[in-house]
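Number of protein chains: 6
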Amino acid sequence: MFISPWIKELINLALKEDVGSGDITTGVTVPPGIISNARIIAREEGIVAGLELSGQVFMSVDEGINYKLKLADGDRVKEDDLVAEISGEAASILTAERTALNFLQHMSGIATITNEWSQLIKDYKAQLVDTRKTTPGLRHLEKYAVRVGGGRNHRHGLDSGVLIKENHIVAAGGIRAAVERAREKAPITLRVEIEVTSLEELEEAIEAGADLIMLDNMEKSQLEKAVEINKGRALLEASGNITTNRLPEVAATGVDFISCGALTHSFRALDFSLLFTNK
Amino acid sequence: MFISPWIKELINLALKEDVGSGDITTGVTVPPGIISNARIIAREEGIVAGLELSGQVFMSVDEGINYKLKLADGDRVKEDDLVAEISGEAASILTAERTALNFLQHMSGIATITNEWSQLIKDYKAQLVDTRKTTPGLRHLEKYAVRVGGGRNHRHGLDSGVLIKENHIVAAGGIRAAVERAREKAPITLRVEIEVTSLEELEEAIEAGADLIMLDNMEKSQLEKAVEINKGRALLEASGNITTNRLPEVAATGVDFISCGALTHSFRALDFSLLFTNK
Amino acid sequence: MFISPWIKELINLALKEDVGSGDITTGVTVPPGIISNARIIAREEGIVAGLELSGQVFMSVDEGINYKLKLADGDRVKEDDLVAEISGEAASILTAERTALNFLQHMSGIATITNEWSQLIKDYKAQLVDTRKTTPGLRHLEKYAVRVGGGRNHRHGLDSGVLIKENHIVAAGGIRAAVERAREKAPITLRVEIEVTSLEELEEAIEAGADLIMLDNMEKSQLEKAVEINKGRALLEASGNITTNRLPEVAATGVDFISCGALTHSFRALDFSLLFTNK
Amino acid sequence: MFISPWIKELINLALKEDVGSGDITTGVTVPPGIISNARIIAREEGIVAGLELSGQVFMSVDEGINYKLKLADGDRVKEDDLVAEISGEAASILTAERTALNFLQHMSGIATITNEWSQLIKDYKAQLVDTRKTTPGLRHLEKYAVRVGGGRNHRHGLDSGVLIKENHIVAAGGIRAAVERAREKAPITLRVEIEVTSLEELEEAIEAGADLIMLDNMEKSQLEKAVEINKGRALLEASGNITTNRLPEVAATGVDFISCGALTHSFRALDFSLLFTNK
Amino acid sequence: MFISPWIKELINLALKEDVGSGDITTGVTVPPGIISNARIIAREEGIVAGLELSGQVFMSVDEGINYKLKLADGDRVKEDDLVAEISGEAASILTAERTALNFLQHMSGIATITNEWSQLIKDYKAQLVDTRKTTPGLRHLEKYAVRVGGGRNHRHGLDSGVLIKENHIVAAGGIRAAVERAREKAPITLRVEIEVTSLEELEEAIEAGADLIMLDNMEKSQLEKAVEINKGRALLEASGNITTNRLPEVAATGVDFISCGALTHSFRALDFSLLFTNK
Amino acid sequence: MFISPWIKELINLALKEDVGSGDITTGVTVPPGIISNARIIAREEGIVAGLELSGQVFMSVDEGINYKLKLADGDRVKEDDLVAEISGEAASILTAERTALNFLQHMSGIATITNEWSQLIKDYKAQLVDTRKTTPGLRHLEKYAVRVGGGRNHRHGLDSGVLIKENHIVAAGGIRAAVERAREKAPITLRVEIEVTSLEELEEAIEAGADLIMLDNMEKSQLEKAVEINKGRALLEASGNITTNRLPEVAATGVDFISCGALTHSFRALDFSLLFTNK
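Residue numbers (our numbering), protein chains in the order written: chain A, 1 to 279; chain B, 280 to 558; chain C, 559 to 837; chain D, 838 to 1116; chain E, 1117 to 1395; chain F, 1396 to 1674.
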């Protein structure tokens, strides 16, 4: 995982909010010079994500900390599995602990739910896709965690994808006009995607040359007809009200992608602990 | 809600990650000069939080946008309730929409779960308290949302509270020594809190002068004894394995505070939509 | 033009480097309270770009400055044409002048060369496209200026487009493998583009499902054959050694896009002056 | 070349705009662990500048990259000359390549034009000088490149030099008053420079005690008279409409400095390529 | 001393303001490659603080500089005492020198005055405490220097302590109401402090449950009565008009804390020099 | 006073360190909607500086605050003089108060000492000059305050002035060589200053063409001889061990400038209070 300037800034932001002017408790109770060993342990089953990033947090607090990964992002953990070993100044480890674990539990939570949901459709060609319904400031990490969990990314942001929605269509004067303008004006490396709510709109979108079509809130039977109408001309994405119950039946319709906001906004964090070992 | 430099930076960070170099789709389909009206609507029941902040997002994209709150943070919404009215350049509203809703859904999700859990113990003196298990970079907002939901804040970070844990105790040479050092060295405006795992440790902590004591992972019967032993000398905080099932019985033991990480790391986002209205 | 957080930061960066701790000359010679009028005048023929941004520079120095555009981005100017009128504190106008003009001359230079080159191929379907060979830190502005001049954008950066080059092909194990991995793994909103250097590679790329193919450094006759082979299956982009001499003949081959780095790295700035008027 | 915090921020800015959330193409095609060797080669004749800075870009992406300079800033290159050797993770090299080359081509372009123009006046005492007509945000680098090319710097910004222009003179109440106020009030380490447009103004400026005088848009004959009148009392700078044609004749007049904006706003980038080598 | 992101940003800020685009004098007179040794020497008696931070400044300018501490923060120095030894590029040492010494002289000045004043009350239980009257942007460092000098910290900022003043009391509807609201609403890790100006208010504050009470501008006799009335129920802080003359008599009244703004806003810098040694 | 991006960043930095996640005390005691009036009052005699900046602090916290200056920077205040009137949300005023006053007391302290010292030499031509011995991060403000107090600025930083010291001389190979290199290489808008420690060095420096010469730590008699030797050829600056006692005699020697670090590192803050008024 490339630790980009974005990520370094986010780590600094997180350390500033948690450590701020310093770890008072550690400062008054732990003298400098105590070298300790510690381990990060999973507390429940799931998929880990964010291991290198968490190591970066420890090293941002103290370059002298040694952080050894015992697993890699994407690995499945069970309760009590060893995830990483840490050694260095006890004071530094204590100071960095919470921030490092907060990244780890958040990203692993997303990887875990993405993995669970992906498994439900593993026998279909449909891929599980994320959305822009992410936590403000953490999109890079969250989309990475989706990939780690076996999902696929939709556009990163408004500047890296075209998705024509109802209001764009109205402003442009119809589906055809909107798609054509995108095909003439948008960066040439982007597919043109449009959201449709009926099979009539789908037909119009395909004919206008849309590369990718979002089928918004359609029932199973509608989705089936959409796939039939499409005949492989455009890529099809089902979206809206995706639950674990509906997921397999949506995949069974033959769509290419199923997108779901819950992966990044309504997951449970995966629980990890840092334990000092006596040596 | 005070829009501090911290918050402005977070809004900018969120806009940079979502809008980046510009909203391509809107740029190619929506001509400048179209003035629209839109409404933010709740899609499910819950407690709203982040309304002013979301308005700030719209205004950060375009100072000319008019954003009128119809409710205030802390209000309960039901499905389809009107939350805010927006008017201004259609292109600007479309560009800001997702970032604004992402803040709103996240903060309202926290306020909602905090409110639900607080209701479960409303007949007891115990207050529901958050932790430092927050989303990196969003702690200010998440702790604010906890307050909006009726919960109470534990320390903001390592620099604004003393909480002596096991490793601090070991390094300091025991509970008494650790508490005394904190009482002599920490900023004078902070209470001295210590985590204990047994009733013997509790007694020692009280005698050492701890102002606040965290009872870690104790059973109901232990908590009851702890309250009895304490006789009101220190403030008592129950922590660990707090679920909605256990919450009332923990509160019934007479502790002052019950802290819970799930409020900020494992909530469901509250669903909102932005709808353009035809005028 | 949306003044994003990115742009505001760039304006601040530019003011910090030019004004720094203050405009010493103005400070010692121009007393506060002198209200002046000034005009921005074009010194040569070309296409203007960056007018609103330049106004933003004046207002960043002094919110009280009134900046009135007399033209819009994309308009053609001739020598001595009036571009904008400014009124406010003389000291503030003098302080902001150079930074505002530096943005304007840079962006207008790009819009002008793009327009000139686009005109050379206006009778063909081929569109002139920019590259990532931009000035570090100014890519947003430069790609905007290309659009203003009538050109079209290639991907903004490595995170918003797929372009498979020789080394990617080698690492992936061939053209087919590389294209297929991109089609399975890249964000679904992106076209898959690949660079080819021969007609054999072109055929392989088309069959592998590439959406867009860069024909690298091909002669006119090769390009013609490429268009023939392609039969409209993929979009074709000619690239490499594009000069004003070769441009029409490349366009005449029937390719969809012609990309050229010179638009953003080897243009001449367009000359503007700020003149105070006596009133 | 000192890599100051300014430069580090600019590198981060450039990486954020080019790499952003990650290099998608490399991510899907190049597995981690492939170690490669690459070389940076000049594609045309000129003067190189920015070599260490470009190395810093590679190391900002991946600290493990080894970057070995084969030339130094200021060296002349011919087509196909080897400039630097790079080894490390193939993925990292690919990710950093464009940003590193963009700095290098930009700075080398400035060094090259400065060198060419300086050569034209090498037999005169006059030195070629830059201006504040630079690319916003890159002034530090551009003024450095001018020095590398054999030119000399005018003031860095408004806070590090005094240059009294027409509007300052009017506001101060005349040349004498303006110069005297600068001599009494400006930081004592700065020369006092004033711009004059006639020989009468020149005389007045010299008598008022100006250290340095800009002769604005003067013909050859006027410049000769200015040098004669001055008798070495002040330093003289010719400015305005400097072209390669006029440069020698302006230098021949005996002025001390000739300033020219084109060095930093209308140069051609110098072309470099990064080539992977098979080892 | 933990070098937090805050501190790194402050060092960068300081280097940007002092070094900016580069050290011109060193650039034109000192060739690269000269390796020198230098020493930092105290020029007067006092307590040193900021040694590691100063080393960090040198290393921020040039990672190759070797900086060896000969003393530790909190040590007493006399005139001519050796504080640190430095070796590395002469140019880098010269560039970093002033910024490094500016941190050192500032922090040592605070540690020195704090130490002097603390000594005056060393026979009493009262501890000398700082305030929020600090230099904007340097509070972290200044409060650290107070601790180094033997003083104790009051709250770091408005977000890490409760201090109810007159206007808060008026707005809340009285001392009792204000204290109760703080006890019910403020983060549970904070003591509740209130400022009182009379013994009647003191009594009311104690009964309302204040943990800490600031006795504002009280005479010696009032302070004595306050201690008597309090009977150890709350912690007592004397504040206002604290001078070296009054300090012992205030401490003698039996208060717990004496707070004083002068420690951080009206101290004298401690003088240090950097000397090159001939080797 | 121009509120540059630098200053805005410093205000944000100061608010982040003081207010952080919010003003807890005000939050729990002061309900929104209370509009108050307040006044800033001087508590002792001195020169005010930083009034507009302080107003900017209030407006950064809450744009709705009305801040009316009753005096201007540079005015003399006596105890109890009204400096500014403020009206707006009580909560906002309380939150901003300390940060605003911290800027004001710091800058006014510098203006006051500068004014006192300047008065001691007002009958001589010598001007009092500051140094680079400033508080890290606040140099812009401190040098402004020196000007407000009637002093004059030396160079802002290493990038905006030439000052050749002993180590530069050694590295360059002597005084003549060092001065000549600076005259040939440094930005043309800068005077060349050199530090000398003897009359022999002075003579050499003058002959080498130094514009400005720092006479380091010279006695009165030496300074007198220096002035005599110089015969007005260079500007002369006395430096080192400047105290109020020595100041008049140093000025009487006829030097042009007297520089003194104490102005910015060892002043006393000027005391101000903010008082709410009952309306």
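Where a beta carbon is used, it is the ideal one built from N, C-alpha and C, also for glycine.
Assign Ala630/C to one of two classes, buried (16 or more other C-beta atoms within 10 Å of its C-beta) or exposed (fewer than that).
Position 72 of the third sequence, counting from 1, holds the residue named residue 630/C. With fewer than 16 Cβ atoms within 10 Å of its Cβ, Ala630/C is classed as exposed.
Nearest to Lys499/B by CA position, among Asn345/B, Gly488/B, Glu482/B, Leu478/B, is which residue?
In the second sequence, counting from the first residue as 1, residue 499/B sits at position 220. Looking at the Cα atoms, Leu478/B is the closest of the given residues.
Taking 8 Å as the CB-CB limit, is Gly1544/F close to chain E?
Your numbering for residue 1544/F matches position 149 in the sixth sequence. Chain E contact via Cβ: absent.
Could you list which residues in chain B have their beta carbon closer than 7 Å to that of Val30/A, in chain order?
Here residue 30/A refers to the residue found at position 30 of the first sequence. The contacting residues are His447, Ala450.
Contacts of Ser1103/D in chain C (Cβ-Cβ under 7 Å):
Position 266 of the fourth sequence, counted from the first residue, corresponds to residue 1103/D. Here the neighbours are Arg826, Ala827.
Using 8 Å as the cut-off, can you tell me whether the segment 955-963 of chain D makes contact with the segment 1145-1152 of chain E, which would need three or more C-beta pairs spanning the two stretches below that distance?
no
Start and end of the beta strand (DSSP E) containing Phe1373/E?
Along the fifth sequence, read from residue 1 onward, the residue named residue 1373/E stands at position 257. First-last of the beta strand (DSSP E) with Phe1373/E: 1373-1375.
Would you say Trp1122/E lies against chain A (beta-carbon separation less than 8 Å)?
Along the fifth sequence, read from residue 1 onward, the residue named residue 1122/E stands at position 6. Yes, contact with chain A.
Opening and closing residue of the beta strand (DSSP E) in which Leu348/B lies:
Start at 1 with the first residue of the second sequence, and residue 348/B comes out as number 69. First-last of the beta strand (DSSP E) with Leu348/B: 345-348.
Applying a beta-carbon distance threshold of less than 9 Å, which residues of chain C neighbour His1549/F?
The residue given as residue 1549/F occupies position 154 in the sixth sequence. Ordered by position in chain C, no residue passes the 9 Å Cβ test against His1549/F, which lies about 13 Å from the chain.
Say whether chain C places a C-beta atom closer than 8 Å to the C-beta of Leu294/B.
Here the question's residue 294/B lines up with position 15 in the second sequence. True, the Cβ-Cβ gap to chain C drops below 8 Å.
Quick one: is His385/B near chain F, going by C-beta distance under 8 Å?
Along the second sequence, one-based indexing puts residue 385/B at 106. No, no contact with chain F.
Is it buried or exposed for Gln119/A, if we count other Cβ within 10 angstroms and need 16 for buried?
Along the first sequence, one-based indexing puts residue 119/A at 119. Exposed, since its Cβ has fewer than 16 Cβ neighbours within 10 Å.
If you check the beta carbons only, do Thr801/C and Asp688/C fall under 8 Å apart?
Looking up residue 801/C in the third sequence gives position 243. Looking up residue 688/C in the third sequence gives position 130. Contact: no.
Starting from Val425/B and walking both ways along the alpha helix (DSSP H), at which residues does that stretch end?
Locating residue 425/B in the second sequence gives position 146, counting from the first residue. Its alpha helix (DSSP H) spans residues 418-427.
Boundaries of the beta strand (DSSP E) in which Ser645/C is found, first to last residue:
The residue given as residue 645/C occupies position 87 in the third sequence. Start and end: 640-647.
Straight-line Cα distance separating Val529/B from Leu141/A
What you label residue 141/A is simply residue 141 of the first sequence in a count that begins at 1. What you label residue 529/B is simply residue 250 of the second sequence in a count that begins at 1. Going from the Cα of Leu141/A to the Cα of Val529/B covers about 36 Å.
Report all residues from its chain with a CB closer than 6 Å to the CB of Ala1298/E; omit the five preceding and five following residues, and keep chain order.
Position 182 of the fifth sequence holds residue 1298/E. Closer than 6 Å at the Cβ level, and outside the excluded window around Ala1298/E, lie Val1278, Val1308.
Using a Cβ-Cβ cut-off of less than 9 Å, give me the residues of the segment 1030-1041 of chain D that come near chain F, in sequence order.
Glu1030
Residues of chain E with a CB under 9 Å from the CB of Phe1671/F: which are they?
One-based indexing of the sixth sequence puts residue 1671/F at position 276. Glu1282, Asn1283, Val1286, listed in chain order.
When you compare the CB of Asn509/B with every CB in chain C, is at least one pair closer than 8 Å?
Indexing the second sequence from 1 puts residue 509/B at position 230. Output row for Asn509/B: interface = no.
Just mark Lys1259/E as buried or exposed, buried being the case when its beta carbon has 16 or more other beta carbons within 10 Å.
Numbered from 1 along the fifth sequence, position 143 holds the residue referred to as residue 1259/E. By the 10 Å Cβ count, Lys1259/E comes out buried.
Quick one: give me the first and last residue of the beta strand (DSSP E) that Ile34/A is part of.
Within the first sequence, the letter at position 34 stands for residue 34/A. Run containing Ile34/A: none; DSSP gives neither H nor E here.
Could you spell out the range, first to last residue, of the beta strand (DSSP E) harbouring Leu274/A?
Against the first sequence, residue 274/A aligns to sequence position 274. Unbroken beta strand (DSSP E) run through Leu274/A: 272-277.
Please return the same chain residues whose Cβ sits closer than 7 Å to the Cβ of Arg1471/F, not counting the five positions on each side in sequence.
Your numbering for residue 1471/F matches position 76 in the sixth sequence. Ile1442.
Residues bridged to Ser518/B (per DSSP)
For the purposes of this step, residue 518/B is taken as the residue at position 239 of the second sequence. The partner list for Ser518/B (beta bridge, DSSP) reads Asp495/B, Ser538/B.
Residues of its chain near Asn849/D, where Cβ-Cβ distance is below 8 Å and the 5 sequence neighbours each way are ignored:
Taking the fourth sequence and counting its residues from 1, the one referred to as residue 849/D is at position 12. Cβ within range, chain order: Ser897.
Any C-beta of chain D sitting closer than 8 Å to the C-beta of Gly1138/E?
Start at 1 with the first residue of the fifth sequence, and residue 1138/E comes out as number 22. Taking Cβ atoms only, chain D reaches closer than 8 Å to Gly1138/E, which makes this a yes.
To the nearest angstrom, how far is it from the Cα of Ala518/C to the Cα of Ala96/A?
The structure shown does not extend to residue 518/C, since chain C spans only 559 to 837, so no value can be given for it.
Since Glu1588/F sits in a beta bridge, which residues does DSSP pair it with?
Locating residue 1588/F in the sixth sequence gives position 193, counting from the first residue. Answer is Leu1558/F, Leu1607/F.
Exposed unless 16 or more other CB atoms sit within 10 angstroms - verdict on Leu1220/E
As a first step, residue 1220/E is located in the fifth sequence; it is residue number 104 there, counting from the start. Looking at its Cβ environment, which holds 16 or more other Cβ atoms inside 10 Å, Leu1220/E is buried.
Coil, strand or helix - Leu1523/F by DSSP:
Within the sixth sequence, residue 1523/F is the residue found at index 128, counting from 1. Leu1523/F: strand per DSSP, three-state reduction.
Sequence-distant residues of its chain with Cβ nearer than 6 Å to Ser1449/F (five each side left out)
Here residue 1449/F refers to the residue found at position 54 when the sixth sequence is read from its first residue. For Ser1449/F, where only same-chain residues beyond five positions count, the Cβ hits under 6 Å are Ala1495, Phe1498, Leu1499.
When Cβ atoms are compared, which residues of the segment 684-697 of chain C fall closer than 9 Å to chain A?
Gln685, Val687
Quick one: which unbroken beta strand (DSSP E) runs of 3-plus residues sit fully inside the segment 875-915 of chain D? Chain order, please.
903-906
Ala1158/E beta carbon less than 8 Å from that of Asp1134/E
Residue numbering aside, residue 1134/E sits at position 18 when the fifth sequence is read from its first letter. Residue numbering aside, residue 1158/E sits at position 42 when the fifth sequence is read from its first letter. No.
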